[in-house]
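If you use our numbering, the sequence shown corresponds to residues 478 to 1478, in order.
Positions of the beta carbon are idealized from the N, C-alpha and C atoms, including for glycine.
Heads up: the structure comes next, in structure tokens.
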Amino acid sequence: MKHSFSILLVSCVLMVIGAALVPQLDISNKPRPEQGKTLTISYRWKNASAKVVEQNVTSRIEAMVSSVRGVEKVSSVSRFGNGRITVELKPKADVSATKFEIASILRQIRGKLPESVSYPTVSGGEVSTALGDDNEVKLILTYMLNADMSGEQMRQIAEKEAKYAVERIEGVHHVDITGTVSHYMEVEYDAEQLALYGIGSSDIIDAIRNFSGREDVLGEVLTENGKMVVPLLLSSKEERRRFEQMPLKNIDGKIVYLNNLASCYIRERKPGSYYRVNGMNTIYINVYADKDVNVVGVSDKVKRVMESSASTIHASLSYDRAEEQMKEFRTLVLRSSLTLAILLMFVWMCGGFKWRYLTVITVSLLANILIAVMFYRLFDIRLHPFSMAGITVSLGIIIDSAIVMADHYAYYRDRRAFTGILAAMLTTVGALTVVFWLPDYLRHDLRDFSVVVMINLLVAVSVALFFTPALVSQFGLTRKKTFVPRNLHTRFVVWFSRWYSCYVAMVQRRWVRCTVLLVFAAIFAGSLKLFVDCLDTNTFRPKEKEIKLYIRAKMPIGGSVQELNDKVREVEALLSKFKEIKRYETSIRQSGASIVVEFKDEALATGFPYLLESRVIGKVITIGGADWATSGVSDRGFSNSLNLQYRANSIEIAGYDYERLFRFAEDMLREMQNNRRVADLAIVTPGHEEQEDEFFMEYDHGMMAADSVSPYEVHSSLQSLLADRETEKIDIGGRQMAVVVHPASVNSFDLWQMGNSYVNTGERQMRPSGFMDISRRKAKNIIPRDNQEYVLRVAFNVLGSYTYTSRYIKDITERYNNMFPVGFRCLDKTYGAYDDDGTQYWLIGLVAVIVFFILAILFESLLRSLAVTLLIPVSFIGLFVTYYVTGVPFGTGGFAAMVLLAGLTVNSGIYIVCQYGIQRKHGPKYFVTAFNHKIIPIMLTILSTVLGMIPFLIDGPDEQPFWFSLAVGTIGGLSLSIVPIVIFLPVVMKLGVLVRPDVHR
């Protein structure tokens, strides 16, 4: 072969470049998110109720934004003091242009909004949300600090040496340092005594600010050099002056000092939250990352920063999210390596145990992978489990193309087999392009899978055209015709050829052809019916979550974080007794407490999680003064509170009229109560199920006007009696300490006193209950709207299988959607549910159309292209039967197997048809000759792909549902695909003039 050395030299250079780029590849456990199609508009209105925010701000902005071109959906949440509008764009919308137009609208509408409303800001458009974890941030690393110093000193060192450096890393959302107790200066005063001197809490706050130091601007003056700002600096320069002796006010020539009317104490600040791992109360540095970042890359950067600060602080790593998630990736690499070893062993055996032949195939495969790495880096492709699946699947196809070209070139010393290889690769690439038209819940997982396979196959075309023939020529591989001794094997081959020649000649008759086609059509229809019957309602169900025990607790209104912490400690004491627990993480905040219990692998295989849940339930029943709930292990869990009851299923209803919407929800709830399998029914606000109670003050403005009292005066007086107010920090003993102004009456002034006592308003006293009513109500500080519709949710649990639950919810939603008037609708909002309209199955027809046109261009024959394309539906018979017999969930892996099977089956037909065209003679006899010439490479292709899928059956459908479904579908479909190739292909091929086979030859 001419230029073989030059081709090998260029290929080696490209391989070296690819090998050098391997460390620079982006490796992660999840796909990279697409560019965002979601924008967020946020604004604030201090002390405004949710209803006021919704009516005066949210509804106005929504009406304007909804008319923007490219906006597909608008949803909003109005809260007490703020609001947020989420804008989802159409798939083909220009994100930057739409964002700019919305920002222009916000500038125009700003003047029409109330003056107290902040400027609405628009953000987003960087990443899109996907099916899965809904948390905006996630914990990726936890460090424990140990040092021979106080907790506050450790916190200051950790903030200085680690926190600020880590938060500057791209992808890190924030860093929390927990477990320390800080101190503050408390200034306690008697509000009634202050009122006698005409002093309010605001006067104390101003005095503290002046004492601690303040910089103000008096104004501007004109000078020769222009305008100059005149500052006013107020600071305390006398170190010996005590804080308690600061002056408050000059009353009739007498200076009143702070210690005359207030007492000062240094107190420990009560923690606003607690965080513990395995019940150990120590100092933790918790690093949180953004939702869709590369966890592995961000974790490595954080670790380098922490290592650089090891000389100052001693921090030990206690939790590494990246390490846990990369276990799956390493397992995948191991299986891919095992697949490659099986394929190469198979090639060596089929090549007659010749090392030179194995070397040619192995080096061709290595060149293909390393050159493909260049394109991975060029197109910035992230390697994750699904893209690794593409590499693993494409290994068999790459080896097959190398085998076909090596065998053909060693035998004929030409490249005429390249047409068949090119057709096979292009049809497979064409079949994979339908992934980009799939629904979002499928496309998100299979996008990188298809892109990686496409790159590998296109590189394989170039390798098969140039590199493999040059390598064969350089190694001197040849395959010449040799005398074959007559034995049982050769007799079987001769007998099969005679029989097959008779069959091919017979099916060329019209009536036989029609009969065989009807038989295949009936078999296809029957297998399709069996396949459809075995599918679940929700075919593409999400991966089941790992079993974890979730324990939640909540204090009644008025309860403190410290009281809740004492109760949670009792549960942690129980959990610490069990060695089967791998880790339990405790988080306590004002909104409630949660304990997440993770089990060891060996404990998950037993009934220990259920045993532990029953022990925990028995324990929390004895702990009074709090609401408790458990979930995650048993189907229903446990709850002694309606607010904390876990409900796995829900139906969401939306409409423009809130009152009618609520009545419809009540009707649905009453109907579902008649089903004994449905339990724990409740009507909740989506995403805000745990709204607290509040005390509501309703003013009588007529009475207030008669007494010449304003709401502001009443609010200021009550604030002086009930509110702690934090001011500036002061320097005490060389450390900065916050100052909190604390009224002494805050612990004694209860609800009865508010309704019956007198308060000071200005220069007189009056009773608040005389001009306002104080009542308790459910806090409605959140009003959600979706596409300018109000939304409610009927949440419940169903005692039954996944299939029964899905069908029951589907029946309810369909019946009420038919009954609802215009403007109302309901949807299934159970975890993992989606609107499955069958689009993904119709795209298989698009695969056939793409394959047909590619083959028509290459073959220059519509009939031959149609014959090969018809192999696609017939090859699915084996796949349908496999899923029906095994009962394996179809899922995303099944759809990938369907696309892959279509491409591989077509490839087999292409090799035979190309060889038939090379002979330039027509008739059944020459078709059998082409079949005999290519059936061995085809069988090798099928067997190699089947063997390559075996390692992915090891863990079963529970651990790796995608891989198991892909392997089962591919193995079952390919194992039976030889039947349509042998029997069906001659039926649909028009072979020209009938030539009676010579039976005696």
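DSSP state of residue i mapped onto helix, strand, coil
| i | result |
| --- | --- |
| residue 615 | strand |
| residue 1371 | helix |
| residue 1431 | coil |
| residue 1042 | helix |
| residue 1074 | strand |
| residue 452 | As displayed, the chain neither begins before 478 nor continues past 1478, which places residue 452 out of reach and without an answer. |
| residue 503 | strand |
| residue 1365 | coil |
| residue 766 | strand |
| residue 1312 | Residue placement at residue 1312 cannot be trusted, given a pLDDT of 48 that sits under 50; what the coordinates show is reported in the next sentence. Residue 1312 falls in the coil class under three-state DSSP. |
| residue 1017 | Note on residue 1017: pLDDT 48, under 50, position unreliable in the model; no value is reported. |
| residue 676 | coil |
| residue 1249 | strand |
| residue 866 | helix |
| residue 1001 | helix |
| residue 535 | helix |
| residue 1060 | strand |
| residue 819 | helix |
| residue 724 | strand |
| residue 1053 | coil |
| residue 1024 | coil |
| residue 1104 | strand |
| residue 1135 | helix |
| residue 647 | coil |
| residue 750 | coil |
| residue 555 | strand |
Host beta strand (DSSP E) of residue i (start-end)
| i | result |
| --- | --- |
| residue 666 | 660–666 |
| residue 1243 | 1241–1243 |
| residue 1292 | Element bounds for residue 1292: not the beta strand (DSSP E) but the alpha helix (DSSP H), 1279–1296. |
| residue 1263 | 1259–1263 |
| residue 527 | Where residue 527 is concerned, there is no enclosing beta strand (DSSP E), although the alpha helix (DSSP H) it sits in stretches over 527–530. |
| residue 731 | 731–734 |
| residue 1273 | 1267–1275 |
| residue 797 | 792–797 |
Buried/exposed call for residue i, threshold 16 Cβ in 10 Å
| i | result |
| --- | --- |
| residue 1061 | buried |
| residue 619 | buried |
| residue 879 | buried |
| residue 1185 | exposed |
| residue 995 | exposed |
| residue 1054 | exposed |
| residue 1208 | exposed |
| residue 1303 | buried |
| residue 1098 | exposed |
| residue 1187 | exposed |
| residue 1274 | buried |
| residue 862 | buried |
| residue 1228 | exposed |
| residue 1440 | buried |
| residue 555 | buried |
| residue 1261 | buried |
| residue 431 | There is no way to answer for residue 431, as the model of the chain reaches only from 478 to 1478. |
beta-carbon residue i near the ligand ADP non-hydrogen atom, thresh 6 Å
| i | result |
| --- | --- |
| residue 1238 | Because no ligand of any kind appears in the structure shown, any question about the ligand ADP cannot be addressed here. |
Expected contact under 8 Å - CB spacing of residue i and residue j to nearest Å
| i | j | result |
| --- | --- | --- |
| residue 1025 | residue 1073 | 6 Å |
| residue 894 | residue 1127 | Their Cβ separation, rounded to whole angstroms, is 58 Å, which puts residue 894 and residue 1127 out of contact at 8 Å. |
| residue 680 | residue 726 | 6 Å |
| residue 867 | residue 925 | 7 Å |
| residue 533 | residue 591 | 6 Å |
| residue 1365 | residue 1459 | Their Cβ separation, rounded to whole angstroms, is 27 Å, which puts residue 1365 and residue 1459 out of contact at 8 Å. |
| residue 1382 | residue 877 | About 13 Å; that fails the 8 Å criterion. |
Range covered by the alpha helix (DSSP H) that runs through residue i
| i | result |
| --- | --- |
| residue 1454 | 1438–1456 |
| residue 1341 | 1339–1346 |
| residue 1417 | 1401–1426 |
Handout entry: Ordered list of alpha helix (DSSP H) runs contained in the stretch 882–945, each at least 4 residues
Key = 895–909, 917–939
Problem - Secondary structure, beta strand (DSSP E): runs of 3+ residues fully inside the stretch 1155–1228 - result: 1155–1161, 1170–1176, 1202–1209, 1212–1220
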